[in-house]
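Taking my numbering, the leading residue of the sequence shown gets 301, the next gets one more, and so forth.
Have a look at the structure below before the remarks.
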Amino acid sequence: MELKLAGKRALVTGSSSGIGAAIATSLAQEGVTVVIHGRNRERAQSVADQIATEGGKAMVAIADLSTIEGATAVVDQTLQTFGGIDILVNNAGGTDWEFSNWKSASLEEWEALFQQNFFSALRLIHAFIPHMQTLGWGRIINIATIWAIQPGLGMPHYAAAKAALVNSTVSLAQELAHTGITVNTVTPGPILTPPVEQNIRDLAVQYDWGDDWVDIERNYITQILPLSVNRIGYGSDIANAVAFLASPLADFIDGINLRVDGGYIKSIH
């Protein structure tokens, strides 16, 4: 399927590794010129170089988006190089994966995770909307987590920050009605990134699942996180969904939360 994305420009935040790198690579393969963002220049440049090796186009922007200064730096670098963007993918965020709950999570940690997972996206949205409005076309795609819509005991601050992003997607889509700009959320289930793999391997030790990854994955999706597709997700699963939503083929999709979770959440919503 031809996604008709050739010639578009995209900023994918948090794209120096993991899901973000997969998204940036997928868009570049469709002919999109991509800004690779991260906080580690070496990792970001590695992704950009790989895209170039495959015939794509990418530049690097390095900054901490949890600060006003960092967000301003990324916006300035992007505008100076491209003059604007057509696609904004707010993927930057995450957590340190150290388990915390309401009792152990400090107010400072709450604030830090909201800065990292919500305000980082909000700053870029405010900065780039005027440029998209001038074009009369644009895509804003926010990356959330299943914890945002089905929270549990752990990581309440992370779940709440991502839930704010999901909520804002629906509101912003209404604000930008009739402008040619669509706003959507993609909510990943368990995706095999290095931190997730390490977390699962730690569980394997705890539950004595052995060292073989096939056995570990089978036990994880039957005992810990039931998935109807019988496997853990990959970055490419999220990237494929984002590439479609970013394309003109998705013109009739606006304000949705697309769950790409391997069938984890059983809900009609």
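We put the CB at the ideal spot given by N, CA and C, even for glycine.
Note that the structure is a prediction, hence the values are computed from the model and not measured.
Nearest Cα to residue 404 within the set 460, 371 and 453: 453. Of all C-beta pairs linking the region 510 to 524 to the region 306 to 313, fewer than three are shorter than 8 Å, placing the two stretches out of contact. Counting along the chain, the unbroken beta strand (DSSP E) around residue 359 starts and ends at 358 to 362.
Between the beta-carbon of residue 457 and that of residue 410 there is about 4 Å, and that keeps the pair under the 8 Å contact cut.
With a threshold of 16 other beta carbon atoms within 10 Å, residue 524 falls short and is exposed. Distance between residue 501 and residue 494, taken at the CA atoms: about 10 Å. Collapsing the DSSP output to three states places residue 519 in a helix. Here the C-alpha atom of residue 376 lies approximately 36 Å from the C-alpha atom of residue 399.
As DSSP reads the structure, residue 310 sits in a beta bridge with 334 and 387. Between residue 312 and residue 389, the gap from beta carbon to beta carbon is short of 8 Å.
In the DSSP assignment, the residues bridged to residue 441 are 389 and 484.
Contact check for residue 314 against residue 417 fails: the beta carbons are separated by 8 Å or more. The C-beta distance from residue 386 to residue 483 rounds to 14 Å, too long to fall under 8 Å, and the pair is not in contact. Of the candidates 414, 548 and 335, the residue whose Cα lies closest to the Cα of residue 380 is 335.
Taking all protein chains in view, the Cβ of residue 301 is surrounded by fewer than 16 other Cβ atoms within 10 Å, so the residue is classified as exposed. Membership of residue 341 in the alpha helix (DSSP H) is indicated by the continuous run 341 to 353. Counted as a single uninterrupted DSSP element, the alpha helix (DSSP H) harbouring residue 499 occupies residues 494 to 507. The residue among 565, 564 and 466 with its C-alpha nearest the C-alpha of residue 422 is 466. Classified as buried, residue 490 has 16 or more neighbouring CB atoms from the shown chains inside 10 Å of its CB. The C-beta distance from residue 357 to residue 321 rounds to 16 Å, too long to meet the 8 Å contact threshold. Linking residue 431 to residue 330 through their CA atoms gives a straight-line distance of about 22 Å.
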